[in-house]
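The listed protein sequences correspond, in order, to chains V and H. Be aware that the first sequence starts at 1151, since it is given in our numbering, and climbs by one per residue. Be aware that the second sequence starts at 552, since it is given in our numbering, and climbs by one per residue. Note that the Cβ used here is the ideal one computed from N, Cα and C, for glycine as well. Have a look at the structure below, then the notes.
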Amino acid sequence: MFGMEFYVDPSRCIGCQSCLKACEECDTHRGVSMINFDFIDREQTIATAAYVCWHCADPTCAQVCPADAIKKYEDGIVGSSLKPRCIGCSNCVLACPFGIPKLVPQYEQMMKCDMCYDRTSVGKRPMCATVCPSQALAYVTPETIAQTRREKPVNTFWFGNQKITTKVYMMAPAEAGEIAIDVADYVWEEERELVPQAF
Amino acid sequence: MAKAPALEELRVHYGPHLNYTPPGGWVGEKTTPEKLVKTHCCFCGQQCGIQLKVRDNRVIGFEPWEDFPFNRGMLCPKGVKRYLQGSHPDRLLDPLMRTADGFRQATWDEALDFTVRRLREIQEKYGRDAVAVYGGASLTTEKAYLLGKFARVALGTRHIDYNGRLCMVSAGTAYKGAFGVDRAPNPWSDIAAAEVLLTIGANIGECAPITTDYIWRARDKGARLIVADPRFTPIARNADLYLPVRPGTDLALLMAMLHVIIRDGLTDGTFIEAHTTGFEKTAESVAPWTPRRAAEVSGVAPDAIEKAAHWIGESRRAMMLHARGLEHQSKGAENCEAVIAIALATGNIGREGAGPVMVTGQGNGQGGREHGQKCDQLPGQRSLTDPAARRHVASVWGISPDDLPGPGYTAVEIMNAIHSGEIKALLSICFNPLVSLPDANFTREALEKLEFFGVIDFFLSETAAHADVVLAGSLQEEEEGVTANVEARVIHIQKAVDPPGKARRDSEIVCDLARRLGRGDYFPFHEPREIFEELRRASQGGHADYYGITYEKIDRLQGVFWPCPTLEHPGTPRLFEDGRFFHEDGKAHFMSLAWRDSGDPVDQKFPVYLTTGRVVSQYLSGTQTRRIGALVDQYPEPKVEIHPRLAAEHGIANGDWVTVTSRRAEITLQAALVRTIRPDTVFIPYHWPGGRSANRLTHRTLDPRSKIPEFKVSACRLRKAAKPEDRD
């Protein structure tokens, strides 16, 4: 849908798994859910996280695909694997830094979130973001996010020395810059770009 | 009836089986709908707008309804998967009659005639009140209204009550006492406009999921969130203040908050003076409740009590959301009155973003309690003991007020009277008491004593297995009608499909029974619309006045908030804006508050608190949701939530089997070790039957006024156990 972007805010997630159930109702892949959902550590916390494919600007999954089965479209959406091409090798499953692609045994094919291409291409919102009761998954304009949320959208992530820019945004504390998950990203070792720290 | 047939035999025919796949399959040409029907989810009082995809008279899927203002397309997993019930293999397609070892299909004439004959025989032998009727708050308002009229006009019994007795009656008693009307005073949009939100005994994230968005929107604008609950529920993770209240002690916490508000001069004297009565007595009753004393009772730190009181007292836009955690107590009504007292004392009512609201639980929890299936109530929220109300309703019904029975027993009292032999026959719809009433073994004994038990249902519930006759009824989407959602917005339930097989619409079944009882003249209805027209007149002039509401007006305005006294009236989203309340004196009434202990106190033999509740993927007694595969997979079996510290005292590890014993019974479940619960409390969700039923453990103590059972506070003990033989 024109002007809309996808925002993920795990701090809003209530763990209801509505996204997971709704995803499999989407017409392009009915019966198979593409949502990644985790209880972080149920014994310690009620924190949960639901997320979709991040749709990387330079998608690692496509880079490592030996069959050229993963395409990035003009609008920045990275498609699920193309059925005639995918050989089910799992390279993408192993390479994706976010752990998104899944090999679906019943189809012998990698499947992942394609941002509800059948819906978004005709002006509808993706199924998950439409139903999400906490709007932890939201598909709205950047203006709406700027006006309504305390957190700030971030779409630059660091994995080791790999810097990734994505189409989907993570909502982060207002003072946060880019998001890194590895202490190594903050350690000075040699002349290279480090994660800018806001704290 | 005698005992239920062997469960294994019943399961083969009637389930619960798990339905995963939409009718017509996941893919292929049969997945294209013929039409989209704009209606509402059947699960829970939020009543989210949803569009059902229909093909070949079957609901085959859903599409979000983004234009409906309450939920704007949002749905919880129950809403997403609700469409899998209609064509479920367990659906009852014919009436059933009991045989020696099970059930057999019957014709409608046979089943209805038998039902009427037995009801008549029992009434002739033991008197009219030997027959009781159970209704439910998932019924449309038309069905609820019809059932109240059926009990009083066709059967002439005074005993009709409904499963809302397990849900909204504590709040209803308190709001009626304080404001003169039983309704959440604010529309939900007010939540997003509040500066301070207190949720107490309300697991919003799991039991009213889409309300989460309203709360998060308020937080986005800087609102502070206070969560009071024995469990760190999903919304508590974003709380600015979490109050870990011990089960059954909310009243102490609330009284201390009011104590601080009064002590520190945070009251709104002008509002209290102009619009309320009874403040002094309430102030007196909380005077001894210092934060320190309340801390000792409730386990909430004195500083935290002070802070919560100040946040609310210093705000002109404070809202308090409460639900069953507060209300399922033997002092449930007082608990709600304490919340109301805080709102009134601080003048937080009748304005945008200010007010106490109850979070209605069941699908038509609001509408289902307004028009006469409560034991003491007539349509329009009228009192059955008010002579003027009796005259009005009797005239609409075309009977003499003298022929209108008086108030009867409440739901649990009806089961008690069945157990004691006073009530001999029961006709039940939309109620699964064997799972949902407390002390399930007692309920089973009672059901086994019935001389006649008739059930109207679409699945063979655990309770229906005890019936002599099961009349195959309809799902919500199989009959037009209205419901009122959590904010008293009356909405339109569209008929999407006809009932499958020989199943009939519920209202058709009730009217047919009335005809066969010789009272057909009073039940000339062919369509729900005709029932609604009569209901409009019956409610006219009452507090829940529906006279100005029509199906077309609902569609045009996307819901109409009652009261709506005339066709020109726009409806009333927010009550009390003019400072007038519904009592004759126009004032809100403070209630004096008094502490008392739970009806099932912890002691040395039963040292642990047991509290019960829901999980997000199941609804009420599970009759519907335990049949939907995707929902069952999400939370397949009840687990007992135990804090690691309490578990360590018993040598229990995560996943171990644990026997939980109360003064009534014991059940054995797997442990889920979580740090998100008080270490003196365990939690078990209640959606399951038999050996997995939390309600085998709970007790039948009632709130003396609301008659709600104390589901949220029982005493129990734990011991590590072996895996029971009956589990997979």
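Assignment of H:Trp659 by DSSP, reduced to helix, strand and coil, places it in the helix class. Sequence-distant Cβ neighbours of H:Leu977 in its own chain, meaning closer than 6 Å and more than five residues away, are Ala683, Leu1001, Phe1004. Listed along chain V is no residue with a C-beta nearer than 9 Å to that of H:Asp953; the closest approach is about 51 Å. For H:Arg843, the enclosing alpha helix (DSSP H) stretches over residues 842–849.
In the three-state DSSP reduction, V:Lys1221 falls in the coil class, being neither helix nor strand. Exposure of H:Lys1274 is indicated by the presence of fewer than 16 other C-beta atoms within 10 angstroms of its C-beta.
Taken atom to atom, the span from the alpha-carbon of H:Ile1082 to that of H:Thr911 is near 24 Å. Leaving aside the five residues that flank H:Ser1265 on each side, the residues in its chain whose CB is nearer than 7 Å to its CB run, in chain order, Asp1151, Leu1161, Ser1213, Leu1248, Thr1249, His1250. Judged by DSSP in its simplified three-state form, H:Arg941 adopts helix. Interface flag for V:Ile1196 against chain H is set, since a Cβ pair is found closer than 8 Å. When beta bridges are read from the DSSP output, H:Ile1218 appears opposite H:Val1211. The beta-carbon distance between H:Leu809 and H:Ala896, rounded to whole angstroms, is 6 Å. This is short enough to meet the 8 Å contact definition.
Taking 8 Å as the cut-off, the Cβ atoms of V:Thr1298 and H:Asp607 do not count as close.
Using a CB distance below 7 Å, the part of the region 1173–1189 of chain V facing chain H consists of Glu1175, Arg1180, Gly1181, ordered along the chain. For V:Pro1276, the closest Cβ of chain H is not nearer than 8 Å. The C-beta of V:Cys1263 comes no closer than 8 Å to any C-beta of chain H.
Interface with chain H (8 Å Cβ-Cβ cutoff): V:Gly1310 is excluded. Taken in chain order, the complete beta strand (DSSP E) segments of 3 residues or longer contained in the region 722–795 of chain H are 747–751, 775–779, 792–794.
Taking the C-beta atoms as reference points, H:Leu805 is found nearer than 8 Å to H:Val890. DSSP places V:Trp1308 inside the beta strand (DSSP E), whose first and last residues are 1302–1309. Contact with chain H is found for V:Ser1284, since one of that chain's Cβ atoms lies less than 8 Å from the residue's Cβ.
Here V:Leu1244 is exposed: its Cβ has fewer than 16 other Cβ atoms, across all protein chains shown, within 10 Å. Cβ-Cβ separation between H:Arg734 and H:Leu1126: approximately 7 Å, consistent with a contact (criterion under 8 Å).
The beta-carbon distance between H:Arg1055 and H:Gly1024, rounded to whole angstroms, is 7 Å. This is short enough to meet the 8 Å contact definition. For H:Gly1093 against H:Gln932, the beta-carbon gap comes to about 5 Å, under 8 Å, which counts as contact. Residue environment analysis places V:Ile1190 among the exposed positions, since fewer than 16 neighbouring C-beta atoms fall within 10 angstroms of its C-beta.
Contact annotation: H:Cys981 and H:Asn714 have beta-carbon atoms nearer than 8 Å.
Here the C-alpha atom of H:Asp1279 lies approximately 13 Å from the C-alpha atom of H:Thr1219.
For H:Lys1190, the uninterrupted beta strand (DSSP E) run begins and ends at 1190–1193, by DSSP.
Excluding its 5 nearest sequence neighbours in each direction, V:Glu1175 has C-beta neighbours in its own chain below 7 Å: Met1277, listed in chain order. In this structure, H:Met871 places its C-beta atom within 8 Å of the C-beta atom of H:Leu749. For H:Tyr685, DSSP records a beta bridge to H:Asp712, H:Ser979. By the rule that beta-carbons nearer than 8 Å mark a contact, V:Cys1166 touches chain H. Measuring C-alpha to C-alpha distances from H:Lys694 to each of H:Glu1188, H:Gly918, H:Cys926, H:Asp1072 identifies H:Gly918 as the nearest. In the three-state DSSP reduction, H:Leu1118 falls in the coil class, being neither helix nor strand.
Using a Cβ-Cβ cut-off of 7 Å, V:Lys1233 is close to nothing in chain H; its nearest Cβ partner there is about 13 Å away.
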